[in-house]
Every structure is written in C-alpha cells, then in structure tokens.
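Residue numbers (full-length UniProt numbering), protein chains in the order written: chain A, 1 to 268; chain B, 1 to 268; chain C, 1 to 350; chain D, 1 to 350.
We put the beta carbon where it would ideally sit given N, CA and C, even for glycine.
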Amino acid sequence: MPEPDIKDRISLIKHERVLILFSLIGFFILAFIILTLANTILTQVLLDLDGFIKTTRDPSVWDAIFLSAYTAFLATAIAFVSGVPLAYVLARENFIGKGLIEGVIDLPIVIPHTVAGIALLTVFGRHGLIGQFSLLRFVDAVPGIVVAMLFVSAPFLINSAREGFESVDPRLENVARSLGASGWRTFCRITFPLASRHLLTGAIMCWARAVSEFGAVVVIAYHPMIAPTLIYERYISAGLSASRPVSVLLIIFCLVIFVILRILARKR
Amino acid sequence: MPEPDIKDRISLIKHERVLILFSLIGFFILAFIILTLANTILTQVLLDLDGFIKTTRDPSVWDAIFLSAYTAFLATAIAFVSGVPLAYVLARENFIGKGLIEGVIDLPIVIPHTVAGIALLTVFGRHGLIGQFSLLRFVDAVPGIVVAMLFVSAPFLINSAREGFESVDPRLENVARSLGASGWRTFCRITFPLASRHLLTGAIMCWARAVSEFGAVVVIAYHPMIAPTLIYERYISAGLSASRPVSVLLIIFCLVIFVILRILARKR
Amino acid sequence: MIEIKDLHKDWREFSLKDINLEVEKGEYFVVLGPTGAGKTLLLELIAGFYPPDKGEIWIDGNEITRLPPEKRKIGFVYQDYWLFPHMTVEENVSFGLRLKNLSRKDIKERTEEIMDLLGILHLSRRYPDTLSGGEQQRVAIARAIVIEPEILLLDEPLSALDARMRDRLRDELKQISRKFGMTVIHVTHDQTEAMVLGDRVGVMMRGEIVQVGKVREVFTKPRDEEVAAFLGVENVLEGVIKEKVGELSIIDLGDINISAVSGIRAGERVNAFIRPEEITLSKVPLETSARNNIKATIRRVMNLGPVVRIELDVGLVAVTTRQSAEELGLDLDEKVYASFKATAVHVVRR
Amino acid sequence: MIEIKDLHKDWREFSLKDINLEVEKGEYFVVLGPTGAGKTLLLELIAGFYPPDKGEIWIDGNEITRLPPEKRKIGFVYQDYWLFPHMTVEENVSFGLRLKNLSRKDIKERTEEIMDLLGILHLSRRYPDTLSGGEQQRVAIARAIVIEPEILLLDEPLSALDARMRDRLRDELKQISRKFGMTVIHVTHDQTEAMVLGDRVGVMMRGEIVQVGKVREVFTKPRDEEVAAFLGVENVLEGVIKEKVGELSIIDLGDINISAVSGIRAGERVNAFIRPEEITLSKVPLETSARNNIKATIRRVMNLGPVVRIELDVGLVAVTTRQSAEELGLDLDEKVYASFKATAVHVVRR
C-alpha cells in the first residue's frame, strides 16, 4: 500500500467536502456576531480603559442595570405563572381555534417594538382602558416597564414550556393517575419535574428577551431608566464614546448572567 | 341507572379539573396580548377613524413600512444563506467547542438592543473596524439597518434550521449516499426538502424579529426611517394620538403578512 | 367483576365497536389480537384515561364510566414500562403508596416486600435508564401491584422483552395474580401467552371482540377461518399431574394419561400443549423413544393441501402428509396409535 | 471479493474489535449475533458512512477504506427501511438511476422491471407512509438493487416484519441475490435466517467475530458454549432433491435419503433442517406415519439434565428424555432407527 497517509487525507477531505464548505459559509455569521461584540470590548479596553473603570463606579449605571435585571425578572415571573398553565393546555388538548391561539401567542414577536409600546400605552396609559382605573401607575413607572417586557418576552416562555410538556409522554401521566394521583398531583410530581429543563430554558430566554428590550419600554416608560434606555440617552446626548463604556459593561454583565443561567439549565 | 346525564357531566368536569383551572390561568396572558392589540385598533377606529384614513394616504408612512419589510427581507436572506449551512454543521457534527458556538449564536438575544446598536456602530461606524475601509456606508443608511436587523434576528433562523436538520434521520442521508448521491446532492435532494418546513418557519420568525426591531436600528441608522422609528419620532414630537394611527396600520400590516406566511408554512 | 356494555370509541380512522365483555372477579382474562386491533385503546378506556363515546363500564355493580382514573383502583402496566425517569426504582414502586395516608415505615415495608417478591430489591437505588428491559418491566409491575388494585390491566407486558426473559416473567405474572387474587385483563398478540396465562380468552380483531371463551374452547373451536388462521390450531389439554418419576410427569387428562417433562409438582392442575405436527400416527403400538402411545379413533379427516389434519376422539389433533395418511389408511373411524415424545408436551400450571 | 483487515472502531462505550473477514464474490454471507454485538456498525463501516479508527477494507483488490460511500457501489438496506418520505415509491426506487446519465426511457424501464420483480409495481404512485412494513421493505430492496451494486448490505432486513411476511421475503431475498449474482452481507439475530440464507455464517459477539464457517459447520460445531447457547444446535443436512412424488420430495443426502414436504423441483441442491426434538429413536424399524426411518449408529451420548442429546453417525442429532434413553438402552455404538415425519423437515434451496 503506497503512501496510505496522503491518500487517506485526501479522500477524507473529499468525503466531508460539504460539511467543510458549510462550515466556511457558516463561519461568516458567527464571525459577524463575535467580531461585533469582541471589537466593542477590545476597542474600549485598549483605547479608553479609564473611561470604562469610571463607568463601573457610576451609581446611575448600576441603578439602571439592576432595574433592568429586576423588571425582567418580574416579567419572567408573571409570564411563568400564567404562561406555563397555558402551555400545558396547548400541549395536551386539541380544540377548535387552537391554531388561532398559537398565532396570538407568536404575535408579539412580529409587532414592531415601538408599536407594542404605543399599543400598551393606549391600554395602560393615564387615559387607557385599564390605566384610567388602575391604582398602579404604568407610565414612566416600574409597572409600565414590566408590562412592556412581559408583552415582548412571554411568547418565548410559552413556546419553550409547550415543547417541554410535549416531550413528556402522556402515558407517564396515565400511569400516575392509575396509581391514585389526581390530575394536579400528577402535574406537580411527574409532568412539571420532567419538563423542568425546558421550563428553565424558556424562563432564561424570556428573561434575556425582556432584559434586552428597548423600543416598547422607551415609549411607555423613559424613566426610571433601564440600561438600554440609559445607553440610548448617553448616545443621543454625548455620542458613541460616552455610551460605549456602559455598553461594554452591559455586554459583560449579560454574558456573565447568560453563562451562569445556561450552566444551571444544563446541570438539571 | 338514575339520571346518567347529570352524573356524567359532573364527573367529566371533575376529571379535567386541572385543565380547566389551567385554561383559566392561561387566559390572562392571552387576554393581555389580545386586549392590548384589539384595544389599540378599536380605540383608533371608534374615536378617530378619519385620522387613520389620513394616515393610510401618507406616503412617508408607506415608505417607512416598505423600507422595514425590504430591509427585514434582506437581513433574512443573508441569515438564510450563511445560517442554514451553519445549522446543518451543528446538527450533524460533534466537536470540541460546539457548546460555545451555540452560546455565541444565542448571544444576540440577550444583548440589549441599544447595546447591540452601539456595538455595531463601533464596527460599522465611520471610524469602525470595518466601516473605515468599507465602500458601503452603514451609518444612517440601508446597509446599517440590515446589519442591525441581521444581528438580532439571525439566531432565530439558525436555531429553527438546526432543529429541522436534526429531525432528518442521518440514515436517510446514508441511504442516499449509498445510492450514488454526493454529499452535496444528498443535501439538496433529501435533507433540505425534508427540513424545509422548519427552514420556512425559521425564516418567518427571523423576518418577524427583524421587522420589529427598533433599538439596534435607531442607534446605527435613525434615517432612512423604518416604521418603528417613524412611530417613535411621531410619538416624541406629537404624542400618542399622532403615533397611534400609524401603529394601527403597522399592526394590521404585520398581522396580514404574518397570517399569510403562517398559512404558507403550513401548506408545505 | 368487570362488565363492559356496548363500549364504543372513535379514534382518528379507527373505531372500537360495541364491546361487550364480562370478566369475573379473580379471573385472568387474555385479550388476544393482531397489532392494530384496538387492544390498547380498550384497556385505556377501562382505566379511564379517555372517555368512551358511548357505552358503560361497571365494576362490582358500580358504574365507573366517567370516574377519573385515580378513583378506579385499577393498576396499569404498559408494554414500554413508562417508569418515572426522575425517580429511583424504590421511588417508582412506592409512588402509589406515598399518595396515601400511610406511615413512612408502612410504605417502606410494603415497598420492600413487593420489590423482594419481584426480585428487584437490589435495584432499589438505581434509576430506570440503567435497567434492562426485564428489570424495568418488573419495576412497572411492582409499582402497579403495590397498591393492591382490584383490577390489573396489562398491555402487552412481555412483548418488549427477549425470549428468555419473556418466559420467566410470564410464569411469574401467573403466580403473582394468583397470590393477590387480582382480576387481570392481559392484552397480547402472542398465542403462547394466551394459552399459558389465560383462564379465558377474548379474540379481538379490527376493533371488535369476535370470540370469547375458555382457552381450550377458543383454540380448538375457532369461530371462523380468520380466527383459526390467527390462532393456529393447537392441542390444549386440561389435566392433573398424577405422579412424578424423576423429571417425568404423568398427567391425568381424564380419559387418558400422558407423560411429559416438567418441573411441576404432583397434584397440580395443569394445561398440556402439543403441536399437531409432533404427533405421529400408526396402526400398531410402537416401541420407540416416544413415551406416549395413545390408542384412539379417528373422528375427522381434513384435507389441507399437502398435509392432512386428523382429529382423534381423545381430543388430539394431528397433522401428517397426505401420502402417509393414504399408505397407513388413516380414515374415519379407524383405530390408530398416536405417539408423541414426552419432550413435545408443553406443561403449564392452570 | 470483500476483504476486511483489522477493522477497529470505538463508538461511545462500544468497540468493534479487529474484525478480519473475507467474503467471496457472489457469496451470501450472514453475520449472526445478538442485539448490541456491533453488527450494524460493521455494515456502516463497510458502506463508508463512518470512517474506521484503524484497519482496511478492500473490494476486488482496491482499497476503499476512505472512499466516500457514493463511490463504493454498495447497496444498503436498513431494518427500518428509511424510504425517502417526500418521494413516491417510483421516485424512491429510481433515485439512484436518476443520479446517472441515463435517458428517461431507460430509467423508467429499469425501475419498472425491478418494481415488477419485487411485486410493488402497483404501488408506484403511493407514498411510503401509506405502505405496510413488508411493502416498504420491498421498496427499500428495489431501491438498493436497481443500480446493480456489486455488494448488497442488509441490516436486519426482515426483523421489523411479521412472521408470514418475513418468511416470504426471506425466500425472495435468496432468489434475487442469485439472480443478480450480488455479493451479500446480511446481518441478523435470527438463526433461521442464517440457516436458510447463508452460504457462510460469521457469528458476532461483543464487537468481535468469534466464528466463521459454512452454515452447517458453524451450527453443528460451535466454537464454544457461548456460541452453542446462542445458536441452539440444529440438524443441518446438505443434499439434492432426487425425485418428487406429489408434494413429497426425496432428498439424497449422500449416505441416506430422506422424505420431506416441499415445493422445490427435482435436481435442485437444498439444505434440510430438522429440529433434534423431532427425531424419535427406536431399536426396531417402525410402521408409523413418520416417513423417515433411518438406520444409524450412536456416536455420542450427552447428558443435558432431564434430556439426553444423542449424535448419530448419519449426521443427525436427536434429543430424548433420559428415561426413554435408559429404557431403550440407547448407548454408544448401539444401532437404532431414527424416525421423523416428512413435515418435520424444513427444506430450502442452497
């Protein structure tokens, strides 16, 4: 067998040609994402480390970040409490109009964010359908931020939870019922724990979507400032170099939270 | 058997108690979405139909809407060409660092939209890494809008495409290969057609996410105005009543497109 | 006692049609039918997982048609086990007990007792995905019977197992159902299971129960050709083990005695199964290694193409080539000796 | 000819260990082994779906170890068919032809010819999900052989089918492989398939090929107890059909002739299989309905607990109870008559 090594190598490449070509094409979109974020961080660190350090000591920046994280958490919690039962019903039952409901759930994804803000304002604004009767103030207040985040992020949780419930075979529930567990107990002891990974992933995506929202929030509540609004304000009032350090801090913050949540989701 | 009908009805309700309870809880989040959108449309139609009709005759509104649809289409096309091959590689190959790449793909979902805008500006801005060499102008131009939309929407297409490719059993590809089809032909004739439903759904979600984006676009390209920016500008400059008719028009426009696309996706 | 009256359910393109069935308390009832006959759906309706479109289900005189499954006291075992994957074997088995107001000690004791009975006590801390198919099915059975249901529904419980495990678990199922005196409905497509386990058998085809009766009755007198083709006709003989000589058992079938190889004790009531091809016919008694030489009269001769099916008055059916039959003059009312080896008799406890 | 040299592949916790194998051109080679022995992985390596960790595969003197699967001219049929769900039966079958530079007319003709051969021509416009298992597997076989591969790899092609369909398709597989003169490697866990189909058999266990040889050799001389336990020992006799009397065939086995029921023409080379339990031994010739009474000498007596395994010089093995053996004085070198019915002989073309 003459020179098997070279021959092997050539035919191996031939064999997986499509995958190699695809990897090269796919690399563009990956590079685009990585480059954009890495360049921003490196530019800041290399050109203006002092500005970045100063930003980390700015309490108004941290206030905005914590407000973002907190309101996104509230929105996720509300989406979870109402969305998980809805997802379970959609996963288990077939009824007329189910396709319509599924469409409604996906609607917030397609509605432009500022349009969502305007729509929420007509409902929760001072003269809005709910806003005029409500004791809570929504406009330029925390409830307004939460409502905007809930609107745009709930679909992610509902769709992921639904997938999770669909992955639990109904026969497991049947067996639990036959062993004497009521529908509610079966849900708590069998269905919910087995879908918990999907539920956690859904909650993470929901939180991530909420914490990143700007358009809907800025319409209903410019103040108190969440982090995306703060960055926009600094960009408008002082330009790129003033908004970049906060952006870098936020990228790092989101990255850390995201990595932690993903690791948590994997461990379960 | 005394009164079987009543007995039957009572025990039927008992049997599905959990599902009924869950439907009631789930109804809140559904009602929230429907109410918000329906109320906006109805308020407009009932209180200010004339304003709405005038808006439908405003060429600047239609310009913004078409620009939104067009740029979102471009972003989706780019995401498709580069993201589909990437999704295929991720669905078929296992390698070190795959988890990292999956994380990178999801990153744009968690990055706040205005932060994404700032980050894109540092790369594609006049003095940015790419912007300074590029013949294309990104800032306040169509390429900038497309790049911003691409950044936030590509993950949706990639994740959906990947799911689609994972649903095609590799043994179907093996058989096609053994019948004489090259890797590329196998992809074109077997894998792609069988994953096409997922690919179409992914493209729809990608387009929907792109067309709804505001925060990232507004930072890199306030002009030319896409629909969400137009609404924001009218809201800032003239208040709720001036921006609502455009919002209603956009809701209806997005709804129509969305319904058409969903029907298309189902037919296939 | 389970009574099923006019039970009907449409399920996509399939229909379960007007099922009428009575199963006695403590009876082991086997529903035998090909794949797609609707056997699983029937069990799921009895268990209450789905409501029927019409018809009634009664247990011990109470209608339970619309009762939720958790109130029916019916144990259910699926073909694919469906153990709770997030629980250990012990947690799986004790699941039903933990839903009741029992002390920890009671739960532990009863769980361990049942696990011991099924030989899975050593697996108690393992998770389902580390178990073999046979072990998983033992856990599923233990989980179902630990709460002592009045009725046990078994949906092809042995079909996913390999041959050796299937035989072992089949015998154990019979013993367990005896021990607890449970009413069992066991669904299968396997004739041997039906013959070995069933007190009575219901043959199910295309959503209908087409024949119900004692095992022997159904297998020897199939209602029509379709049922006969599905069952294959077999010799099913009821008897008692009269005495044992080493490994050899003498079985008293009433009119005649036969020899068989089995480990069952003398005095036990048994069924003996003999495939018709195993029986050799001759005009004079033979001195061969075949232990059984039975004098009989030919009752019926059926031409089945190249082979001939011969029914004897002692309740045996033999199959032989047409030429042999002609050469030996095997005709109606002729006296013959039927011989078959002791190893050709398959003996199971009744 | 296929030569496999020191083929090795690690696959998660499983290893395929140093496989060495030669399969002759036109040979029907059966790889027989229990589930999880690595049979499918071996076939997939030969087909080139995965690269091996080490070792070589040669076909007709060319090394193909790293050649992509589409260049190997190897047809592959999976247990679960894997028809292309978005294509009709005709499109599935013609898939391989449409990749070549052939005229539409040629493609249509050859596709229809093969579909006709496999009896699926009437299904040509149907989609796979509307077909039964047997029909789907016919389509999968047609799809693989229409491009006339030099080698056909069959991965448990009959295991997903019901018994009747399995028997029919098994016979057809043998005929088709003859007709096209293809080299076949057929993987299965079913002994009958190996006996009926195989020119030679390789026994595979835990990632290794532990014994290779002619079917008869392997089944009568298993290498060790593990192989013997897996195979079950059977009577496998090679012969030629000498004459036919109606449905009855007289088979010339060299030393002896036996009678059997079969539809195979006179002059054909056949294998005859007889289960050891079917053979009755006696000291004097018997007049019974058993057509075969063969005089033989006892070569070996093995005690297997309650039963005794007796090897005869004519190449037959019988099993009888220990008591029968003692009563009849079945000892070494004794002359006996072995009788078995013509219906007890399973005849297949070689």
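According to DSSP, is residue i helix, strand or coil?
i         : result
HIS198(A) : helix
ASP8(B)   : Because the pLDDT at ASP8(B) is just 35, under 50, the model does not fix this residue reliably, and the value given afterwards should be weighed accordingly. Helix, per DSSP.
VAL168(B) : coil
TRP82(D)  : coil
GLY128(A) : coil
ASN101(C) : coil
ARG185(B) : helix
ARG125(D) : coil
LEU7(D)   : strand
ARG275(C) : coil
TYR50(C)  : coil
ALA266(C) : coil
ALA260(D) : strand
GLY26(D)  : coil
LEU248(D) : strand
MET115(D) : helix
Report the rounded CA-to-CA distance for residue i versus residue j, giving the unit in angstroms.
i              : j         : result
GLU70(C)       : ASN101(C) : 15 Å
ILE252(A)      : PRO193(A) : 32 Å
PRO108(A)      : ALA79(A)  : 13 Å
ALA195(B)      : VAL146(B) : 26 Å
ASN271(D)      : ILE57(D)  : 32 Å
residue 362(C) : GLU156(C) : Nothing about residue 362(C) can be read from this structure; chain C reaches only from 1 to 350.
GLY239(D)      : GLY36(C)  : 42 Å
GLN136(D)      : GLY96(D)  : 17 Å
GLU109(D)      : ARG200(D) : 35 Å
LEU49(B)       : LEU240(B) : 15 Å
PRO59(A)       : VAL256(A) : 20 Å
ARG216(D)      : MET195(D) : 8 Å
ILE209(C)      : LYS295(D) : 52 Å
GLU166(A)      : LEU264(A) : 22 Å
GLY164(B)      : ARG197(B) : 8 Å
LEU136(A)      : TRP184(B) : 60 Å
Could you pull out every residue in the same chain whose Cβ sits closer than 7 Å to the Cβ of residue i, ignoring the five residues on either side in sequence?
i         : result
ASP140(A) : ALA221, TYR222 and HIS223
ILE41(A)  : VAL248 and ILE251
PHE156(A) : GLY202, MET205, CYS206 and ARG209
LEU150(A) : ALA75, ILE78 and ALA79
Can you find the residues in the same chain that come closer than 6 Å, C-beta to C-beta, to residue i, ignoring five residues on each side of it along the sequence?
i         : result
HIS346(C) : PHE273
PRO2(A)   : Only weak support is given to the placement of PRO2(A): the predicted model assigns it a pLDDT of 32, under 50, and the value that follows is read from those uncertain coordinates. Excluding sequence neighbours, PRO2(A) sits near nothing in its chain.
VAL211(B) : SER68 and ALA72
ILE64(D)  : ILE57 and ARG72
Would you mind giving the Cβ-Cβ distance between residue i and residue j, rounded to the nearest angstrom? I have them listed as a contact below 8 Å.
i         : j         : result
ARG168(D) : VAL93(D)  : At roughly 19 Å, the Cβ-Cβ gap does not stay under 8 Å, so ARG168(D) and VAL93(D) are not in contact.
PRO143(B) : GLY26(A)  : Their Cβ separation, rounded to whole angstroms, is 22 Å, which puts PRO143(B) and GLY26(A) out of contact at 8 Å.
ALA342(D) : ASN293(D) : The pair is not a contact, with the Cβ atoms about 11 Å apart (cut-off 8 Å).
ILE158(B) : ILE105(B) : 5 Å
LEU197(C) : LYS214(C) : The Cβ separation is near 13 Å, so there is no contact.
When every heavy atom of the ligand PLP is checked, does at least one fall within less than 7 Å of the C-beta of residue i?
i         : result
ILE107(D) : No copy of the ligand PLP appears in this structure; indeed no ligand is present at all.
For residue i, which residues of its own chain have a beta-carbon under 8 Å away from its beta-carbon, when the five flanking residues on both sides are left out?
i         : result
ILE65(B)  : ALA227, LEU249, LEU250 and PHE253
LEU129(B) : THR122 and VAL123
**Request:** Spell out a yes or no on whether the region 322-334 of chain C and the region 265-273 of chain C are touching, meaning 3 or more CB-CB pairs, one atom from each, closer than 8 Å.
**Result:** Contact between the region 322-334 of chain C and the region 265-273 of chain C is absent, because fewer than three Cβ pairs lie under 8 Å.
**Message:** Does the region 168-175 of chain A come into contact with the region 77-85 of chain C, if we say contact requires no fewer than three beta-carbon pairs (one atom in each stretch) closer than 8 Å?
**Reply:** The region 168-175 of chain A, when compared against the region 77-85 of chain C, does touch it at the 8 Å Cβ threshold.
**Prompt:** Can we say the region 87-99 of chain C touches the region 125-142 of chain C, given the rule of at least three CB pairs closer than 8 Å?
**Reply:** By the Cβ criterion, the region 87-99 of chain C is in contact with the region 125-142 of chain C, since at least three pairs of Cβ atoms, one from each stretch, lie closer than 8 Å.
**Contact the region 29-37 of chain B vs the region 119-136 of chain A: 3+ CB pairs below 8 Å** = Taking a contact to require three or more Cβ pairs closer than 8 Å, the region 29-37 of chain B and the region 119-136 of chain A qualify as touching.
**Request:** Kindly confirm or deny that the region 306-318 of chain D and the region 328-337 of chain C touch, where touching means at least three C-beta pairs closer than 8 Å.
**Result:** Segments in contact, no.
**Prompt:** Using 8 Å as the Cβ pair cut-off and three pairs as the minimum, do the region 183-191 of chain D and the region 21-30 of chain D touch?
**Reply:** A contact exists between the region 183-191 of chain D and the region 21-30 of chain D.
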